[in-house]
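S.K.:
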Amino acid sequence: MSKKQKRDFDGIMFSTDEHFEFESESEHTETLPPQQQKLRIRLETKQRGGKKATLISGFVGTDADHEALAKLLKAFCGTGGSISDGEILIQGDMTQKVKTKLQSLGYKTNNI
Numbered sequence: 005m006s007k008k009q010k011r012d013f014d015g016i017m018f019s020t021d022e023h024f025e026f027e028s029e030s031e032h033t034e035t036l037p038p039q040q041q042k043l044r045i046r047l048e049t050k051q052r053g054g055k056k057a058t059l060i061s062g063f064v065g066t067d068a069d070h071e072a073l074a075k076l077l078k079a080f081c082g083t084g085g086s087i088s089d090g091e092i093l094i095q096g097d098m099t100q101k102v103k104t105k106l107q108s109l110g111y112k113t114n115n116i
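Convert by adding 4 to the 1-based position in the sequence shown; the result is the number in the working numbering.
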């Protein structure tokens, strides 16, 4: 089988139980409204060669909404960034800018 072909069996090969019904383990989390979310903003320089990065964590919602928020913050700050391990990473020391933007969107913020 080539690398491009993917199998769609989610790790289950065979079941001897005649009443077995497959239940998907995918998370279908709904995005909470901004007023109910408390995001944590922190500045970090670890493992970045001395360069600063602003990390935003605590977002509860779908991956699409997470990516949309990251894209909005990156565009607002005029810098690059990414999403990894559920955290939004913005390049540079943008803690005040990010905090201002998130508060204007209705999010509760907490600087660490």
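Cβ atoms here follow ideal geometry from the backbone N, Cα and C, with glycine treated the same way.
#1: Starting from E91, trace the beta strand (DSSP E) in both directions and tell me its first and last residue.
#2: Can you give the beta carbon distance from Q95 to G85, rounded, assuming they're within the 8 Å contact cut?
#3: Any heavy atom of the ligand PLP closer than 7 Å to the CB of Q39?
#4: Checking the sheet assignment: what are the DSSP bridge partners for K112?
#5: Which term fits F63, buried or exposed, when burial requires 16 or more other beta carbons within 10 angstroms of its beta carbon?
#6: Quick one: grab the DSSP three-state call for K48.
#7: Please name the residue, chosen from S88, L76, D67 and K105, that lies closest to L59 on a Cα-to-Cα basis.
#8: Please report how far the alpha carbon of G90 lies from the alpha carbon of T20, in whole angstroms.
#9: What residue does the beta strand (DSSP E) around L59 start on, and which one ends it?
#10: For G203, which option in H70, K42 and M98 has the closest C-alpha, if you only look at C-alpha atoms?
#11: Return the CA-CA distance between L43 and L73, expressed in angstroms with no decimal places.
M.R.: Taking the coordinates as given:
#1: Within the sequence shown, the letter at position 87 stands for residue 91. Looking at the DSSP string, the run of the beta strand (DSSP E) that includes E91 is E91 to Q95.
#2: Taking the first residue of the sequence shown as position 1, residue 95 is located at position 91. Taking the first residue of the sequence shown as position 1, residue 85 is located at position 81. At roughly 6 Å, the Cβ-Cβ gap stays under 8 Å, so Q95 and G85 are in contact.
#3: This structure lacks the ligand PLP; in fact it carries no ligand of any kind.
#4: On the sequence shown, position 108 is the one that residue 112 refers to. DSSP output for K112 lists K42 as bridge partner(s).
#5: Translated into the one-based positions of the sequence shown, residue 63 becomes position 59. F63 comes out buried.
#6: In the sequence shown, counting from the first residue as 1, residue 48 sits at position 44. Note on residue identity: the sequence assigns Glu, not Lys, to residue 48. Of the three classes helix, strand and coil, the one that applies to E48 here is strand, per DSSP.
#7: Counting from 1 along the sequence shown, the entry for residue 59 is found at position 55. L59 has its Cα closest to that of S88, out of S88, L76, D67 and K105.
#8: Translated into positions along the sequence shown, residue 90 becomes position 86. Translated into positions along the sequence shown, residue 20 becomes position 16. Cα-Cα distance, rounded: 37 Å.
#9: Stepping through the sequence shown from its first residue, residue 59 is reached at position 55. Counting along the chain, the beta strand (DSSP E) containing L59 begins and ends at A57 to S61.
#10: Nothing about residue 203 can be read from this structure; the chain reaches only from 5 to 116.
#11: Along the sequence shown, one-based indexing puts residue 43 at 39. Along the sequence shown, one-based indexing puts residue 73 at 69. The straight-line gap from Cα to Cα measures roughly 12 Å.
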